[in-house]
Every structure is written in C-alpha cells, then in structure tokens.
Amino acid sequence: MGSATPELLAELLPLVVYTVLAGVLTAGGIAAEYASLQYLGSGETMVALWLAAIGCVMLYAGVYGIAYQKVLARVLVARQ
C-alpha cells in the first residue's frame, strides 16, 4: 500500500497543474474581456480590440485547449 502513493501522486500532479493553469487562463481571459468592454465604453477602440483578441485567445486556451483536451481527457481515461 505504501508504494501506491508515489504512483498516485505522479498521476495526480499533472492533473492538478493543468486544472490550475486552465483556471488562471480562463480567469485572465474573462478579466481581459471585461477590460475590453470598459475601454470600448471610454472610446479607446484600439485598446479594446486588442484586449478582446487577447481575451479570446486566453479563453480558448483555458477552456478548450487545457480544460477540455487535457483535464477532461485524463479524467475520462482514469475513470475507465
């Protein structure tokens, strides 16, 4: 039973890191999109468009690239 702990940690550590990274990217994307709306309201169109593009990339990377393709795939494989 003692030797199962390192294997469990070796499987769990990348899952935790990917989950945290997906959360950080998603939160950053939401913050960038919110800031984009604020800049758009103040008339700074170029900054608003730049932040909107960065926010979209961060949301795509966080939600689809990491959370869906990495985390969900590992969880579904581990359940089988």
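Read in order, the letters of the sequence shown are residues 138 to 217 in the working numbering. The beta-carbon is built from N, C-alpha and C at its ideal position, and this holds for glycine as well.
query, result
"Backbone secondary structure at Gln-175 - three-state DSSP", "helix"
"Identity of the residue in Val-214, Leu-209, Ala-198 and Val-212 nearest Ile-167 by Cα", "Ala-198"
"Start and end residues, alpha helix (DSSP H) containing Val-212", "210-216"
"Distance CB(Tyr-155)-CB(Ile-203) smaller than 9 Å", "yes"
"Buried or exposed (CB count within 10 angstroms, at least 16 for buried), Val-212", "exposed"
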